[in-house]
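First comes the structure, then the notes that go with it.
This is how it looks when you write it as C-alpha cells:
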C-alpha cells in the first residue's frame, strides 16, 4: 500500500481493459477504484449500498428505469441503494467509483468482476 | 435534493468562503462535499473515520507528523483514522471531501465549521 498521493491519471495509464475496477485506495469500509468503461454494463442494483460514480473523462449515461442521468467530466451521481441502473458509455469513459469492500460490481457475486488492487 | 448529475465546477461557483464545506451529495452514511481552501487549517484527527481528500484544482499540502503529502489536480489521499494532519493551501485549492454525516471537520465538535447543503 502506498501512503502518499494517488494520481488518477497515472493509475488509469496502467491498464486498458474495460469494466474491470482497480482498487487505488481505501476509505473506511470502502474501496476507492478507477475503471475504464465502454459499451453497456448490465442492469443491476445494490440492495445494501449506494453506488458512487464520478466521471474523470468522457461521458457516462446511467440509465435508470424512469430516466437517464448523463455525466460528463467533473460530474458525479450516487445511485441510491436498491435502485436498478445500467451504466452505458458510447465512447470510452474513465470513472472514480466507491463501493463497500467485497460488494460485487454487478450487485450479484455470481456475475461480478473481481476488483484488483493496483 | 437533486436526483441528477452534480457538477463540481458549478457547485464551486456558488460560494467563495474558505474552509466551509458544502454538501453536494450523500453516499451511504457519508456527506460528499466540495470546499475551497486557502491558508492553513488546524492540526486535527478523526478518531472514528478516515478522511478523504481529492484535489479538483490547485495544490494541497497535507502535513502529517512524519511527512507532507502534496496533492495536485486529480490526486487523492485518504488520511487514516486517528492520524493527525494539517491541510495547508498556499494558494486557493478546490477539494472534494467525503466524511461521515455529522463528523466535525476539525475532529472536535467544539471547533467544527458547520456543513451547509447546496
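Residue numbers (this note's numbering), protein chains in the order written: chain B, 1 to 118; chain C, 1001 to 1118.
All C-beta atoms, glycine included, are put in the ideal place defined by N, C-alpha and C.
Cβ-Cβ distances below 8 Å link residue 34 of chain B to 8, 11, 12, 21, 22, 24, 56, 94, 95, 96, 97 in the same chain, with the five nearest sequence neighbours on each side left out; the list follows chain order.
By DSSP's assignment, residue 1052 of chain C forms a beta bridge with C/1078, C/1098. Residue state for residue 1111 of chain C is assigned as coil, using DSSP reduced to three classes.
Think of a sphere of 7 Å around the beta carbon of residue 1069 of chain C: the chain B residues whose beta carbon falls inside it are 4, 5, in chain order. About 6 Å separates the Cβ atoms of residue 46 of chain B and residue 81 of chain B, confirming a contact at the 8 Å cut-off.
Taken in chain order, the members of the region 5–25 of chain B whose beta-carbon sits within less than 7 Å of a beta-carbon on chain C are 5, 6, 7, 8, 9, 25. Within the DSSP bridge table, the entry for residue 32 of chain B names B/25, B/98 as partners.
Excluding the 5 residues flanking it on each side, residue 18 of chain B has same chain C-beta neighbours closer than 6 Å at 36, 37, 38, in chain order. For residue 1011 of chain C, the uninterrupted alpha helix (DSSP H) segment begins and ends at 1008–1012. Residue-level contact check: residue 106 of chain B does not touch chain C, since none of the beta carbons of chain C fall below 7 Å from its beta carbon.
Taking 7 Å as the cut-off between beta carbons, the residues of the region 68–95 of chain B near chain C are 69, 70, 71, 74, 75, 76, 77, 78, in sequence order.
Within chain C, the residues 1027, 1028 have their CB atoms less than 7 Å from the CB of residue 50 of chain B, given in chain order.
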